[in-house]
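The structure under discussion appears below in the form of structure tokens.
2 protein chains.
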Amino acid sequence: MKNRIAELRKERKISQSVLADAVFVTRQTITSIEVGKYTASLELAYRIANYFNLSIEEVFDFSDLEVLKNER
Amino acid sequence: MKNRIAELRKERKISQSVLADAVFVTRQTITSIEVGKYTASLELAYRIANYFNLSIEEVFDFSDLEVLKNER
DNA sequence: TAAAAATGCAAAGTTAACTATACATTTTTC
DNA sequence: GAAAAATGTATAGTTAACTTTGCATTTTTA
Chain A
4 MKNRIAELRK
14 ERKISQSVLA
24 DAVFVTRQTI
34 TSIEVGKYTA
44 SLELAYRIAN
54 YFNLSIEEVF
64 DFSDLEVLKN
74 ER
Chain B
4 MKNRIAELRK
14 ERKISQSVLA
24 DAVFVTRQTI
34 TSIEVGKYTA
44 SLELAYRIAN
54 YFNLSIEEVF
64 DFSDLEVLKN
74 ER
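Heads up: the sequence lines are chains A and B, in that order.
First residue of the first sequence: 4, per our numbering; consecutive thereafter.
First residue of the second sequence: 4, per our numbering; consecutive thereafter.
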């Protein structure tokens, strides 16, 4: 799943380490999620969105799941 | 983490099985999430919220995480 | 331009989300 | 009131999120 984390970090000049500490995970976790190696948990997604004062839907891109929705 | 899934299901008279099928998980997964045995993944949270035409934040209760937010 | 900070990336280990199966109890429907 | 549907709960197994460690490269700062 795609997300805007790297983009939001750069806009606000926040390093991976600072974000990682703020949301209580390791830098490696932030990196992995940024590059799409895996998807954030719901709690982490919320913490990240909240850190940027955005909703989860504004940070994470669910458009690749819409297909399944339309298949219902 | 708390959520409004059982409540939303009952309002709309949708069984666990029907919801499970609609969001591509087993009934056991829905049950476990409803009773708080574990937290939904981000993708599943999105699918469930979307099924009810709500945002993730409207279905899942993150208030137990606010503490951490305020500690920043 | 050297030092410090930030990023990239990789691998092994742990934990939590989810599946599959199964059976007992409760609720709904006919 | 019997059958069918829905729910509760439990357990063993798989997969994916996340940690930990470590080191190499790039970018920033003094």
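Think of the CB as a built atom: it goes at the ideal place given N, C-alpha and C, for glycine as much as any other residue.
On a predicted model such as this, the values are computed, not experimentally measured, just so you know.
Collapsing the DSSP output to three states places SER66/B in a helix.
Looking only at PHE55/B, VAL26/B, ARG30/B, ASP64/B, the smallest Cα-Cα distance to GLU46/B is reached by VAL26/B. When the five nearest sequence neighbours on each side are left out, the beta carbons in the same chain lying within less than 7 Å of the beta carbon of VAL28/B are those of LEU47, in order along the chain. Checking the DSSP bridge columns, you'll see LYS5/B partnered with ASP64/B.
Rounded to the nearest whole angstrom, the CA to CA distance from GLU10/A to GLY39/B is 33 Å. Note on ARG15/A: under 16 other CB atoms within 10 angstroms of its CB, so exposed under the neighbour-count rule. For SER35/A, the enclosing alpha helix (DSSP H) starts and ends at 30-37. In the structure shown, SER18/B falls within a coil segment according to DSSP collapsed to helix, strand and coil.
Measuring C-alpha to C-alpha distances from PHE65/B to each of LEU57/B, ASN56/B, PHE55/B, THR42/B identifies THR42/B as the nearest. The beta carbons of LEU22/A and TYR49/A sit no closer together than 8 Å. Excluding its 5 nearest sequence neighbours in each direction, ILE59/A has C-beta neighbours in its own chain below 7 Å: ALA48, TYR49, ALA52, listed in chain order. For TYR41/B, no chain A residue has a C-beta closer than 8 Å to its own C-beta; the minimum C-beta separation is roughly 10 Å. The Cβ neighbour count for ASN6/B, taken over all protein chains shown within 10 Å, is at least 16; the residue is labelled buried. Residue-level contact check: ILE17/B does not touch chain A, since none of the beta carbons of chain A fall below 8 Å from its beta carbon.
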